[in-house]
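Number of protein chains: 2
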Amino acid sequence: MKKGCPLGTHRVIEPAGALPQPAKKIDNTMELYDNEILIDVQTLNIDSASFTQIKQQAEGDLEKIKEIMLEIVAERGKHQNPVTGSGGMLIGTVEKIGSALEGKVDLKAGDKIATLVSLSLTPLRIDEILEIRKDIDQVDIKGKAIVFESGIYAVIPKDLPENLALSVLDVAGAPAQTAKLVKPGDTVVVVGGAGKSGMLCCYEAKRRAGVTGKVICLGHSEKSLARAKEADIADVYIAADATKPVEIMEKVAAATNGKMADITINCVNVQDTEMSCILATKKDGLIYFFSMATSFTKAALGAEGVGSDVTMIVGNGYTKGHAEITLQIMRESQALRKVYEELYA
Amino acid sequence: MKKGCPLGTHRVIEPAGALPQPAKKIDNTMELYDNEILIDVQTLNIDSASFTQIKQQAEGDLEKIKEIMLEIVAERGKHQNPVTGSGGMLIGTVEKIGSALEGKVDLKAGDKIATLVSLSLTPLRIDEILEIRKDIDQVDIKGKAIVFESGIYAVIPKDLPENLALSVLDVAGAPAQTAKLVKPGDTVVVVGGAGKSGMLCCYEAKRRAGVTGKVICLGHSEKSLARAKEADIADVYIAADATKPVEIMEKVAAATNGKMADITINCVNVQDTEMSCILATKKDGLIYFFSMATSFTKAALGAEGVGSDVTMIVGNGYTKGHAEITLQIMRESQALRKVYEELYA
Ligand SMILES: NC(=O)c1ccc[n+]([C@@H]2O[C@H](COP(=O)([O-])OP(=O)(O)OC[C@H]3O[C@@H](n4cnc5c(N)ncnc54)[C@H](OP(=O)(O)O)[C@@H]3O)[C@@H](O)[C@H]2O)c1
Ligand SMILES: NC(=O)c1ccc[n+]([C@@H]2O[C@H](COP(=O)([O-])OP(=O)(O)OC[C@H]3O[C@@H](n4cnc5c(N)ncnc54)[C@H](OP(=O)(O)O)[C@@H]3O)[C@@H](O)[C@H]2O)c1
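Given below as structure tokens:
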């Protein structure tokens, strides 16, 4: 077997010297290097921002969606949306483990795993698209993928439905970061709090903020907000449009006696919500942008523009133990599990 | 006088409900609202990422640069580069203070001030472009600008040359954030450490990290690196291309015995340097992205892609006391002041 670089640079075709994620094109031939893992893919979970864009471009047409997806992979060797830059993740079965990794990883052929590195850097070959579950961003395929030595993955637990695990693992970084950031007594606003990552963040924020804290779930449609209420994940529920900063500021002010949030977590899948988060948060507060639709300059200049000293964190999809933390929520909260099973499993 | 909103929303023309920074077009007529300050503008300091783009588009031609700048302001009512999204700042003289602000602000007509909110949200009228200092991003104009009630500014100190103050105030957020983040004993890498904001960050990092810490100035051209060395702002100086992540990783590993940086500060003005910062930093370290050329998705997915738990902070241009902290460096360090006077004053 050929020797590979731990970061997967041996797969980069263009531009030379780049890493697989920023690369324009990577090699998706399925001949294994010594430090790679070959996966027989079952389901892709396309990143929400990416799939929303693809559906729009395809005007909802299933055949058109297939075409766009195949084109992306043909062009880039990976499923990285050229508009949003983002990927998603996948589940599949371990087919083969490179010779340099054998005995070093806690995996064997036949194990079912979810990759926790983005599809935007994962060498992928799609042989056939079998089924598209449009409303939950899941696509069943026949195909293969490669996990690099530096890549992360989780073995799918036996006590949870597979598609449920896939759905929540996709956004595992969000509740795990919430766990690290929220302290007892904090007032926390979750923007997009009734979505997939948003509900997990609300739940985890409520646990951390405790009885002296306050968690505000800021949802969009009445339908998703009703679902969140049923799962009882927050102290306050507000329906509002996160692209309207002044409206959000006023609603959060009303819910906090004008004190605003200590921590705001952004879990929406649409653009132009940076300013709402900034105005919802105390000037010495903290914003965690999990949304991939976040613009760096809009956040940086937006805060400066209103003289806010807020700390803004880029939502790193990975944090230590994020898979365990997130799967544990599904075991702990029957109410939340019911919602996620109905929606995604 | 008409009553204005503290955030300046009364000036937004398009889209309705937006704030001035994200707005596509704002009203730049110079009739004052009651909570605004009218400035007679002397010099614009165009954001480095923005001016680099404009110079490229104009192929260095001065008349073309003027044309592009005038077009931007004609279209948007503010100097917000449509490609980079960023602005810059200005100095000028207070001409008039709105009636609702009189007695409330520590300013009077005739004071010379620097605005510390971005040009990307500042109503601006350019009557004439008088001189372009291409190498230092400064443009002398005849024109007027408006500062909103929520805007921030600094009175130009009498003991420092004006253009020097303008230059360092433009990047005041960077050293002030460095002061907040760096702790004794830290290993700090400043990428773009020999540039305008970079040298200030190195200086401040060295002060905070102390004798038990290590500050690594990562420069680009030998020329700028020599300048930084002369000012004695770091412990180690390395010339490297920050768009080459593997090269950067290896050089930082060599300089830190493989331990990598606790904190990396990104002060470059070019794209595609996110991955270098991630690989230069410990997996539980911190990256402060001051560069406006940072891509949110490249940072978020890049870290996830290599399984790094690094905390990544969006460079908010404002932090409390940033002007004082930065001007103080110019008073304290004769060596650094000499460099900045030669370059910018
Ligand atoms: N950083 C990472 O590594 C990473 C990993 C995975 C995903 N993500 C990102 O995380 C974000 C959320 O993902 P998800 O899976 O949780 O998505 P999701 O389930 O589709 O949730 C998105 C939520 O945003 C709400 N929303 C949409 N437009 C809104 C508006 N104008 N105002 C307020 N709320 C609005 C939606 O509400 P309605 O349904 O009621 O309209 C929905 O609840 C996406 O941007 C995705 O790209 C990041
Ligand atoms: N967040 C905010 O509020 C805010 C405010 C102001 C500015 N900024 C941003 O801060 C950044 C720096 O501004 P500045 O005024 O300090 O700019 P600057 O003085 O032009 O410095 C940029 C530095 O980057 C270096 N560089 C360029 N290409 C490089 C490469 N491939 N590898 C390594 N280094 C490279 C340059 O080195 P050489 O000269 O040797 O080529 C230079 O020293 C800009 O992106 C600007 O937009 C942000």
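One line per chain: the protein sequences are A and B, in this order.
Final position of the first sequence in full-length UniProt numbering is 345; the numbers increase by one with none missing.
Final position of the second sequence in full-length UniProt numbering is 345; the numbers increase by one with none missing.
Every residue, glycine too, gets a C-beta built ideally from N, C-alpha and C.
Bear in mind that the values here come from a model prediction, so they are computed numbers and not experimental data.
### Query
Relative to the alpha-carbon of Glu128 (chain B), which residue among B:Asp106, B:Asp140, B:Phe290, B:Val117 has its alpha-carbon at the smallest distance?
For the residues B:Asp106, B:Asp140, B:Phe290, B:Val117, the minimum Cα distance to Glu128 (chain B) belongs to B:Asp140.
### Message
Could you check whether Ile136 (chain A) and Ile65 (chain A) sit closer than 8 Å to each other, using their CB atoms as the reference points?
### Response
Going by C-beta atoms, Ile65 (chain A) is not nearer than 8 Å to Ile136 (chain A).
### Task
Only counting runs of 4 or more residues, tell me where the alpha helix (DSSP H) segments fall wholly within the region 37-69 of chain A, in order along the chain.
Correct list: 48-57.
### Task
Return yes when at least one heavy atom of ligand 2 lies under 7 Å from the C-beta of Glu230 (chain B), else no.
No; taking the cut-off as 7 Å, the Cβ of Glu230 (chain B) has no heavy atom of ligand 2 nearer than that.
### Message
What does the alpha-carbon distance come out to for the pair Met249 (chain A) and Gly60 (chain B)?
### Response
Distance between the alpha carbons of Met249 (chain A) and Gly60 (chain B): 44 Å.
### Query
Which residue or residues does DSSP assign as beta-bridge partners of Tyr288 (chain A)?
Tyr288 (chain A) pairs with A:Ile265, A:Ile313.
### Task
Would you please verify whether the beta carbon of Asn316 (chain A) is less than 8 Å from any beta carbon of chain D?
In the structure shown, chain D does not exist; the protein chains are A and B.
### Task
For Met326 (chain B), decide whether its Cβ has a neighbour in chain A, counting only Cβ atoms nearer than 8 Å.
For clarity, residue 326 (chain B) is Thr in the given sequence; the question names Met instead. False, the Cβ-Cβ gap to chain A never drops below 8 Å.
#### Entry: C-beta neighbour in chain A for Ala261 (chain B), strict 8 Å
Taking Cβ atoms only, chain A never reaches closer than 8 Å to Ala261 (chain B), which makes this a no.
### Query
Can a CB atom of chain A be found closer than 8 Å to the CB of Gln21 (chain B)?
It does; some Cβ of chain A falls within 8 Å.
### Query
Which residues in the same chain have their Cβ closer than 8 Å to the Cβ of Gly285 (chain A), if we skip the five residues on either side of it in sequence?
Result list for Gly285 (chain A): Met260, Ala261, Asp262, Ile263, Thr264, Val310, Thr311, in chain order.
### Query
So with Cβ pairs under 8 Å, would you call Ile152 (chain A) a contact of chain B?
So yes, Ile152 (chain A) belongs to the interface.
#### Entry: Reduced DSSP secondary structure (H/G/I, E/B, other) of Leu116 (chain B)
If DSSP states are grouped into helix, strand and coil, Leu116 (chain B) belongs with coil.
### Whole runs of the beta strand (DSSP E) within the region 235-283 of chain B, excluding any shorter than 3 residues
Residue ranges of uninterrupted beta strand (DSSP E) with 3 or more members, entirely inside the region 235-283 of chain B and ordered along the chain, are 236-239, 261-266.
#### Entry: Sequence-distant residues of its chain with Cβ nearer than 6 Å to Lys25 (chain B) (five each side left out)
Only Ile13, Glu14, Arg76, Gly77 meet the Cβ criterion.
### Query
Within 7 Å: the Cβ of His322 (chain A) and any heavy atom of ligand 1?
Distances taken from the Cβ of His322 (chain A) to the heavy atoms of ligand 1 include none shorter than 7 Å.
### Message
Count Cβ pairs between the region 98-109 of chain B and the region 318-331 of chain A that sit closer than 8 Å; are there 3 or more?
### Response
With the cut-off at 8 Å, the region 98-109 of chain B and the region 318-331 of chain A do not touch.
### Task
Using DSSP bridges, identify the partner residues of Val139 (chain B).
Partner(s): B:Leu44, B:Ile132.
#### Entry: Same chain only: Cβ atoms within 7 Å of Ala255 (chain A), ignoring 5 sequence neighbours per side
For Ala255 (chain A), where only same-chain residues beyond five positions count, the Cβ hits under 7 Å are Ile216, Val236, Ile238.
### Task
Taking a Cβ distance cut-off of 8 Å, strictly less, list which residues of the region 72-86 of chain B are near chain A, in chain order.
For chain A, the residues of the region 72-86 of chain B that bring a beta carbon within less than 8 Å of one of its beta carbons are Thr84, Gly85, Ser86, in chain order.
#### Entry: Val246 (chain B) at chain A interface by Cβ criterion, 8 Å
For Val246 (chain B), the answer is yes, since a Cβ of chain A falls inside 8 Å of its Cβ.
### Task
Return the first residue and the last residue of the beta strand (DSSP E) that Cys217 (chain B) is part of.
Counting along the chain, the beta strand (DSSP E) containing Cys217 (chain B) begins and ends at 214-219.
### Query
For the candidate residues A:Ala240, A:Ala16, A:Val189, whose alpha-carbon lies nearest to that of Lys282 (chain A)?
Residue A:Val189 is the option with its Cα nearest to Lys282 (chain A).
### Query
Would Tyr203 (chain B) pass as a contact of Ile329 (chain B) if the rule is Cβ separation under 8 Å?
A contact, by the Cβ cut-off of 8 Å.
### Task
Out of B:Ala240, B:Ala253, B:Leu164, B:Leu70, point me to the one whose CA is closest to Ala114 (chain B)'s CA.
Nearest C-alpha to Ala114 (chain B): B:Leu164.
#### Entry: Ile13 (chain B): first and last residue of the uninterrupted beta strand (DSSP E) it sits in
Following the DSSP letters along the chain, one finds Ile13 (chain B) inside the beta strand (DSSP E) bounded by residues 12-14.
### Query
According to DSSP, what are the bridge partners of Tyr153 (chain A)?
Tyr153 (chain A) is bridged to A:Thr115.
### Message
Cβ closer than 7 Å: which chain A residues qualify as neighbours of Asp272 (chain B)?
### Response
The answer, in chain order, is Pro22.
### Message
Measuring alpha carbon to alpha carbon, tell me which residue in B:Tyr340, B:Ala240, B:Gly98 is nearest Gly192 (chain B).
### Response
Here the closest residue by C-alpha is B:Ala240.
### Query
Could one say the Cβ of Phe296 (chain A) lies closer than 8 Å to chain B's Cβ atoms, at least one of them?
Chain B, which has a Cβ nearer than 8 Å to the Cβ of Phe296 (chain A), makes this yes.
### Query
Count the other CB atoms within 10 Å of the CB of Leu121 (chain A); is the residue buried (16 or more) or exposed (fewer)?
It counts as buried.
### Query
What residue from B:Ser50, B:Ala234, B:Ala172 has the CA that sits closest to Asn269 (chain B)'s CA?
Checked all of B:Ser50, B:Ala234, B:Ala172; the closest Cα to Asn269 (chain B) is B:Ser50.
### Message
Lys112 (chain A) and Arg125 (chain A) - do their beta-carbons sit closer together than 8 Å?
### Response
The answer is no: Cβ separation not under 8 Å.
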